[in-house]
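Report on the following structure.
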Amino acid sequence: MIASPPPLLAIVVPVHDEAPNLATLLAELDTALACIDHEIIIVDDGSTDATPDVIAAVAAVQPNMRGVRHARCHGQSAAIVSGVTAARATWIATIDGDGQNDPADIPDMLRHAWQAERPGVPILVAGRRVRRHDRLMKRIASRIANAARARVLRDGVPDSGCGLKLFRRSAFMALPHFDHMHRFLPALFDRAGGCTVLHPVAHRPRLAGRSHYGTWDRLRVGLVD
Numbered sequence: 059m060i061a062s063p064p065p066l067l068a069i070v071v072p073v074h075d076e077a078p079n080l081a082t083l084l085a086e087l088d089t090a091l092a093c094i095d096h097e098i099i100i101v102d103d104g105s106t107d108a109t110p111d112v113i114a115a116v117a118a119v120q121p122n123m124r125g126v127r128h129a130r131c132h133g134q135s136a137a138i139v140s141g142v143t144a145a146r147a148t149w150i151a152t153i154d155g156d157g158q159n160d161p162a163d164i165p166d167m168l169r170h171a172w173q174a175e176r177p178g179v180p181i182l183v184a185g186r187r188v189r190r191h192d193r194l195m196k197r198i199a200s201r202i203a204n205a206a207r208a209r210v211l212r213d214g215v216p217d218s219g220c221g222l223k224l225f226r227r228s229a230f231m232a233l234p235h236f237d238h239m240h241r242f243l244p245a246l247f248d249r250a251g252g253c254t255v256l257h258p259v260a261h262r263p264r265l266a267g268r269s270h271y272g273t274w275d276r277l278r279v280g281l282v283d
């Protein structure tokens, strides 16, 4: 059998205990990307709820979707690395699995990348959340952590924690991979001779459940790492 050519775009979705949100998010991705040749990689990072069952059910009827399973929770960065490694596409978009990111922003981010890309210069399109719908303490912790990180790294990115990012798979695979690296992608691309462009994206209330990345852990990562 002749293998099919790789799709243009892969959506990598790291999830941990997001069973109530996953079906809605996948339906939104299907609608938003209807005109783009794409695959969806769901990385289950050691979920203890029904997330594996939801992934299996959707994959059974949606041939362009695949699941990757971590036996235990390794963290969001490890899940993203697993998803990008498993992907076949040229371009990668990452999106959180809680429904707060809007899949409708992804096509415009891809167009932005095509317009801004220069030969030989790796490009990262980083989402910047507009009108955030997080709890007050989460917003405060993120703001402090982002300010501390930006002061040290001077990468000009005010919202490194936004889950919506887009880049070439080859550029990401050439970067060093470590815990919490997803928050430092702009600095890593800069170090690799690339550039980061910001793209305004929507931010919505969480569909169901609660964040599995604690507010104070978020602050610690920004200040210590």
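Numbering (my numbering), first residue to last: 59 to 283. All C-beta atoms in this analysis are idealised placements derived from N, C-alpha and C, irrespective of residue type, glycine included.
Classified as exposed, Val179 has fewer than 16 neighbouring CB atoms from the shown chains inside 10 Å of its CB. If you look at Met123, you'll find it in the beta strand (DSSP E) that goes Met123 to His128. Take the alpha-carbon of Pro258 and the one of Arg241: they are about 17 Å apart. Taking the Cβ atoms as the reference, Ala250 lies roughly 6 Å from Leu233, within the contact range of under 8 Å. Boundaries around His257 are those of the beta strand (DSSP E), Cys253 to Ala260, since no alpha helix (DSSP H) includes it. Taking Asp102 as reference, the option from Ala151, Pro121 and Asp156 with the minimal CA-CA separation is Asp156. Setting aside the 5 residues that flank it on each side, Leu91 is surrounded in the same chain by Leu67, Ile69, Pro161, Ile164 and Pro165, each with a C-beta closer than 8 Å to its C-beta; the list follows chain order. Here the alpha carbons of Ala260 and Val73 stand approximately 20 Å from one another. The beta-carbon separation of Ala151 and Glu97, rounded to 11 Å, does not stay under the 8 Å limit for a contact. Asp154 counts as buried, since no fewer than 16 other beta carbons sit within 10 angstroms of its beta carbon. In this structure Ala77 touches Ala108 by the C-beta definition: roughly 4 Å separates them, less than 8 Å. Straight-line spacing of the CA atoms in Asp217 and Arg169 works out to 21 Å.
By alpha-carbon distance to Gly267, the top candidate from Arg124, Leu182, Leu80 and Leu222 is Leu80. Here Pro65 is buried: its Cβ has 16 or more other Cβ atoms, across all protein chains shown, within 10 Å. Sorting Arg127, Gln120 and Cys93 by C-alpha distance to the C-alpha of Thr106 places Arg127 at the top.
Straight-line spacing of the CA atoms in Ser135 and Asn122 works out to 23 Å. Assigned with DSSP and collapsed to three states, Phe236 falls in coil, not helix or strand.
A straight-line Cα-Cα distance of about 25 Å links Leu182 and Pro263. For Ala108, the secondary structure class from DSSP, reduced to helix, strand or coil, is coil.
Inter-residue distance for Gly185 and Val255 is about 9 Å (C-alpha atoms, whole angstroms). If you look at Gly185, you'll find it in the beta strand (DSSP E) that goes Ile181 to Val188.
Rounded to whole angstroms, the Cβ separation of Cys220 and Arg189 is 13 Å, and the two are not in contact under 8 Å.
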